[in-house]
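Protein chains in written order, with this note's numbering: chain P, 1 to 138; chain L, 1 to 138; chain Z, 1 to 138. Ideal Cβ positions, reconstructed from N, Cα and C, are used throughout, including at glycine.
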């Protein structure tokens with residue numbers, strides 16, 4: 001069994017932002033030379049997400065509106081977590097979106113359906129944060 | 001390390017439908033002859049889900065009602081994604097339910113608790129769609 | 001490839017409770033002697049969750065309030081599942097929080113960001129329930 005590990009770094013210019021990281025994950029997979037196995041991609045921070053969905057700007061605006069409805073940022077005072085912090089909503093938004101994805105590797109490629117793309121979902125950004133890519137296989 | 005891959009196909013007769021796919025996944029596992037490892041089962045489409053819960057019809061009706069409350073289908077015009085499409089709600093519903101499950105394999109069986117069953121959750125159906133089963137182990 | 005399996009048992013004194021199980025998972029990993037691989041930690045019951053977030057009591061109160069807003073327990077009669085049972089809300093809450101986490105293992109340690117902790121999320125407790133820890137790697 002072979003294994004591979006890399007950290008990816010992101011610093012968004014907005015509090016909330018979605019970034020397509022599929023090319024970075026594909027580059028890791030090529031570097032690993034693993035042909036069959038699993039890749040785990042996870043946010044290393046608990047106010048961010050890694051998820052798979054469509055790279056379509058209308059849908060990304062829908063995510064913003066929808067997450068603000070399910071777990072609104074304001075008023076900050078509505079959350080017990082927000083005594084010394086203001087990011088309780090980001091913890092909840094990341095919970096809806098998920099921490100991680102596991103993707104099959106087949107013949108050295110991400111084994112994806114037609115529209116699957118991997119996103120980093122930042123919900124408390126404007127600072128340097130990390131994503132872990134770990135691959136195991138042969 | 002051994003690996004195994006199979007695609008399962010589903011075409012529902014309703015827009016939204018939950019299908020118990022545990023027998024199909026067990027058949028894949030038997031065919032793989034893998035005794036110890038992990039099986040990844042994921043929707044290959046971004047408006048469908050694979051998740052684990054109870055095979056109980058009342059609960060399945062509760063899921064329908066609850067998902068319609070969290071991410072209603074109508075009016076289609078409430079979503080920016082719905083310019084040439086009408087399935088933004090299906091992207092959001094799948095986000096709540098999750099893309100994938102990873103299940104342990106022990107002694108050649110799905111290592112499940114008493115009521116765990118694997119479901120395909122379709123939220124934009126009435127056309128042929130795919131689920132990936134990928135197994136790694138020994 | 002090596003594999004390791006252990007069940008952890010929990011019996012909460014409240015219907016809903018969050019328990020930090022990171023030390024138990026670290027003990028499993030040490031016992032497994034696996035240096036590189038993946039650990040899967042999943043609830044074996046469908047009204048409980050395993051998830052990763054912050055060990056901060058204010059946030060845990062926010063989770064309770066938020067989950068009660070998204071999927072309220074009462075009245076029990078609002079759910080079709082609640083004919084002979086009263087835990088439909090627990091199935092939905094666990095759906096939001098997720099069944100499982102997959103964590104990378106690097107150099108014999110959980111490969112975590114600064115604040116990541118693994119929690120057992122119980123939503124229908126006061127009875128003995130199980131979590132599965134399964135590790136594969138080398």
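Extent of the continuous alpha helix (DSSP H) run through residue i
i: residue 121 of chain P; result: No alpha helix (DSSP H) holds residue 121 of chain P; the beta strand (DSSP E) holding it covers 117-122.
i: residue 29 of chain L; result: 22-32
CB contact flag (residue i, residue j, <9 Å)
i: residue 12 of chain L; j: residue 100 of chain L; result: no
i: residue 37 of chain Z; j: residue 136 of chain P; result: yes
i: residue 91 of chain P; j: residue 59 of chain Z; result: yes
i: residue 128 of chain P; j: residue 43 of chain P; result: no
i: residue 109 of chain P; j: residue 8 of chain P; result: no
i: residue 126 of chain P; j: residue 1 of chain Z; result: no
i: residue 6 of chain P; j: residue 26 of chain P; result: no
i: residue 94 of chain L; j: residue 48 of chain L; result: yes
i: residue 52 of chain Z; j: residue 96 of chain Z; result: no
Nearest to residue i (by Cα), restricted to the options the options
i: residue 46 of chain Z; options: L/75, L/112, L/134 and L/136; result: L/112
i: residue 87 of chain P; options: Z/6, Z/84 and Z/62; result: Z/62
i: residue 56 of chain Z; options: Z/3, Z/18 and Z/133; result: Z/18
Enclosing beta strand (DSSP E) for residue i [first to last residue]
i: residue 59 of chain Z; result: Residue 59 of chain Z -> not in any beta strand (DSSP E); alpha helix (DSSP H) instead, spanning 57-70.
i: residue 2 of chain L; result: 2-10
i: residue 93 of chain P; result: Counting along the chain, residue 93 of chain P falls outside any beta strand (DSSP E), though it belongs to the alpha helix (DSSP H) covering 88-97.
In DSSP terms, what residue i is bridged to
i: residue 47 of chain P; result: For residue 47 of chain P, which the question treats as bridged, DSSP gives no partner whatsoever.
i: residue 106 of chain L; result: L/109
i: residue 125 of chain L; result: In DSSP, residue 125 of chain L forms no bridge with anything.
i: residue 140 of chain Z; result: One cannot answer for residue 140 of chain Z here, as it falls past the ends of chain Z, which runs 1 to 138.
i: residue 53 of chain L; result: L/117
i: residue 100 of chain P; result: P/42
i: residue 17 of chain L; result: L/122
Sequence-distant residues of the same chain with beta carbon closer than 7 Å to residue i, five excluded per side
i: residue 76 of chain L; result: 82 and 86
i: residue 24 of chain L; result: 8
i: residue 107 of chain P; result: 35
i: residue 67 of chain L; result: 93 and 96
i: residue 64 of chain L; result: 16
Own chain residues within Cβ distance below 8 Å of residue i, not counting five before or after
i: residue 105 of chain Z; result: 29, 34, 35, 36, 37, 38, 39, 111, 135 and 137
i: residue 50 of chain L; result: 21, 41, 42, 43, 98, 99, 100, 101, 118, 119, 120, 121 and 131
i: residue 79 of chain P; result: 88 and 89
Close-in-space but distant-in-sequence residues of the same chain around residue i (CB under 6 Å, 5 per side omitted)
i: residue 54 of chain Z; result: 115
i: residue 73 of chain Z; result: 89
i: residue 124 of chain L; result: 47, 87 and 90
i: residue 218 of chain P; result: Given a span of 1 to 138 for chain P in the structure shown, any question on residue 218 of chain P remains unanswerable.
i: residue 84 of chain L; result: none
CB contact check: residue i to chain B, cutoff 9 Å
i: residue 103 of chain Z; result: The structure shown has no chain B; the protein chains it does contain are P, L and Z.
Residue i CB to nearest heavy atom of the ligand FAD below 8 Å
i: residue 94 of chain Z; result: Questions concerning the ligand FAD fall outside what the structure shown contains, since it holds no ligand whatsoever.
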